[in-house]
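The sequence shown: position 409 = 408 (numbering that gives the first Met the number 0), numbered continuously.
What follows is one structure encoded as structure tokens, with my remarks underneath.
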Amino acid sequence: MAAQLLKSFKSILTFNGMIETIRNIGDTFKDKRSGKNTQYEMRDIVLSAYSVFYLQCPSFLAYQQAMENEHKNSNARTLFEIEQIPSDNHIRDLLDEEKPEKLFPVFEAVFDELAETKKLDDFRGGLGDLLFAFDGVEHYNSQNLHCSQCKVTHHKNGKISYSHGMVTSVLVKPGCPHVIDLPPEFIVPQDGHDKQDSENAAAKRWLATHAARYCAYGVTMLGDDLYSRQPVCEAALKAKFHFIFTCKPGSHKTLYEYVEGLRKTNMLYVVEVSRWTGKRREFDKYSYIHQLPLREGDDALQVNWCELVTTDSTGKVLYSNSYVTDHAINDDNVTKIVEDGRARWKTENENNNTLKNHGYNLEHNFGHGQMNLSNLLATLNLLAFLSHTLLAMTSDAYQKIRRHLGARKKFFEHIRTLTHYILFSSWDAMLDFMMEKLKLTPNTT
Ligand SMILES: [Zn+2]
0 MAAQLLKSFK
10 SILTFNGMIE
20 TIRNIGDTFK
30 DKRSGKNTQY
40 EMRDIVLSAY
50 SVFYLQCPSF
60 LAYQQAMENE
70 HKNSNARTLF
80 EIEQIPSDNH
90 IRDLLDEEKP
100 EKLFPVFEAV
110 FDELAETKKL
120 DDFRGGLGDL
130 LFAFDGVEHY
140 NSQNLHCSQC
150 KVTHHKNGKI
160 SYSHGMVTSV
170 LVKPGCPHVI
180 DLPPEFIVPQ
190 DGHDKQDSEN
200 AAAKRWLATH
210 AARYCAYGVT
220 MLGDDLYSRQ
230 PVCEAALKAK
240 FHFIFTCKPG
250 SHKTLYEYVE
260 GLRKTNMLYV
270 VEVSRWTGKR
280 REFDKYSYIH
290 QLPLREGDDA
300 LQVNWCELVT
310 TDSTGKVLYS
320 NSYVTDHAIN
330 DDNVTKIVED
340 GRARWKTENE
350 NNNTLKNHGY
360 NLEHNFGHGQ
370 MNLSNLLATL
380 NLLAFLSHTL
390 LAMTSDAYQK
400 IRRHLGARKK
410 FFEHIRTLTH
420 YILFSSWDAM
430 LDFMMEKLKL
440 TPNTT
């Protein structure tokens, strides 16, 4: 992707800057049509699909077409810069041709601007690194529609299901409500059927493709117990990333034989902290040790291990988790390593739940395509989620309206309804309208 094609005159952290960047990339999408019968520009096709995910509204384009018929103008045009609204069939046919990787420079442009404007430093974890949390998510599942890239599962009851999954990588920070999406890595049928095999293969591919771009910033990779396996740990180190992965006894028998042996002879290092939660006293017991073999065998990678067990005053266990890492652990940083390791739950809770719960219906709306459509739509959904996150970080009006309306669902209900009935001249004009009607005061500084 040539830099000038991607370059927007506006900040990509704004609503309009994101639209302009996606539009510029849309202009480079393959157009399989020949001749002059090309009523819709490829940019309109890409922006139309994006708008549906951005507003989480399958009927957005139909409403805007009706508005266009009546007023020769619509919110599709004024907000999303769509000149001709395509049908769902056109979107399916034309987007199926292009690979989702075509959109990855948008994620990179967001990261670069966060770095240039020093906002990235607000995301550094307790150890000073950027924390990239990896997690697998299925973004499509059907018993009917399928394509050449679908994973095929034969169930015991004789039914067959078709699915698409990906490993998402997101920048997280302990205690920070926002997560920043990085490019995803799609799971392909050749990655295997087992959840661990397929996620590990995709995560390794992500590292090989993308890590060189990020490693100089100082990155620690986070993941659940599926990632604390030697091939992934080695791939992370090779890519000049650090790692903190959840490490459970059931899947790491050799390592835990050492841990339990050392525990019995009081050879583990221990740090104890007591906290008053406002309601009761809780006790955090951190244990750690260096240089344990991650698995059986002479070629086992040596890793550092730590554990947190939280109890109440009666000794009842309230929380426990354990991690392996390549970071050197000491009495001062063990709390930070555990805190950074725990930050990975954010990717499960926020980013991927949005993909699962909201992406499904919207993707089904367009049908399935033959090649790339499903993964490309999932990428647009990630970009829509990312754009909302950026506005929640940078736009005063957006923050105030979201806070006022409370639940995320309610915010989307409001903007869907407004765009169905009222023509706004711009995204900012819509936010101004909402601020006024909700009697919210903008910041004057
Ligand atoms: Zn498929």
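C-beta atoms are modelled at their ideal positions from N, C-alpha and C, and glycine is treated no differently.
These numbers come from a predicted model, not from an experiment.
Item                                                                                                                      : Value
One or two residues paired with E80 in a DSSP bridge                                                                      : Answer by DSSP bridge pairing: none, since E80 is not bridged.
Buried or exposed (CB count within 10 angstroms, at least 16 for buried), S86                                             : exposed
Within the stretch 7 to 46, ranges of the alpha helix (DSSP H) (whole runs, at least 4 residues)                          : 14 to 25
Euclidean distance between Cα positions of A2 and E19                                                                     : In this prediction, A2 scores a pLDDT of 49, lower than 50, which makes its location untrustworthy; the coordinate-derived value is nonetheless stated afterwards. Approximately 14 Å between the Cα atoms of the pair.
Pick from A428, R32, Y49 and F28 that is closest to L379, judged by C-alpha positions                                     : Y49
Buried versus exposed, by CB contacts within 10 Å (16 or more), R317                                                      : It is Leu, not Arg, that sits at residue 317 in the sequence shown. That one is exposed.
Ranges of the alpha helix (DSSP H) found wholly within the stretch 54 to 128, counting only runs of at least 4            : 59 to 70, 74 to 77, 87 to 94 and 103 to 115
Contact the stretch 127 to 137 vs the stretch 105 to 116: 3+ CB pairs below 8 Å                                           : no
T276 (DSSP reduced to helix, strand or coil)                                                                              : coil
Simplified DSSP state of Q148, which is helix, strand or coil                                                             : coil
Contact test: H363 Cβ vs ligand 1 heavy atom, cutoff 7 Å                                                                  : no
L12 versus S386 - alpha carbon distance                                                                                   : 7 Å
Other residues of its chain near M0: CB distance less than 6 Å, five sequence neighbours each side excluded               : For M0, the predicted model reports a pLDDT of 47, less than 50, meaning its position is unreliable and no value from the coordinates is stated.
Local conformation of E468 per DSSP, three classes                                                                        : Limits of the chain in this structure are 0 at one end and 444 at the other, which puts residue 468 out of reach.
Chain-order list of residues whose beta-carbon lies under 7 Å from that of R42 (same chain, five-residue window excluded) : R22, G25 and D26
For N199, the first and last residue of its enclosing alpha helix (DSSP H)                                                : K194 to Y213
Sequence-distant residues of the same chain with beta carbon closer than 8 Å to Q142, five excluded per side              : K158, I159, S160 and Y161
For L130, the nearest candidate out of V178, H163 and L267 (CA to CA)                                                     : V178
Sheet register partners of W304 (DSSP bridge)                                                                             : I288 and V323
Contact under 8 Å by Cβ, D431 with G125                                                                                   : no
Nearest-angstrom Cα separation, counted from S286 out to H89                                                              : 58 Å
Q148 CB to nearest heavy atom of ligand 1 below 7 Å                                                                       : yes
Cβ-heavy atom distance, Y161 to ligand 1, below 7 Å                                                                       : yes
Residue range of the unbroken alpha helix (DSSP H) whose run includes Y397                                                : D395 to L404
Same chain, Cβ closer than 6 Å to A235, five either side skipped, listed in chain order                                   : M220 and F242
Residues that DSSP places opposite I186 in a beta bridge                                                                  : G164
Minimum Cβ-Cβ distance from S141 to chain C less than 8 Å                                                                 : Note that chain C does not occur in the displayed structure, where there is just one protein chain.
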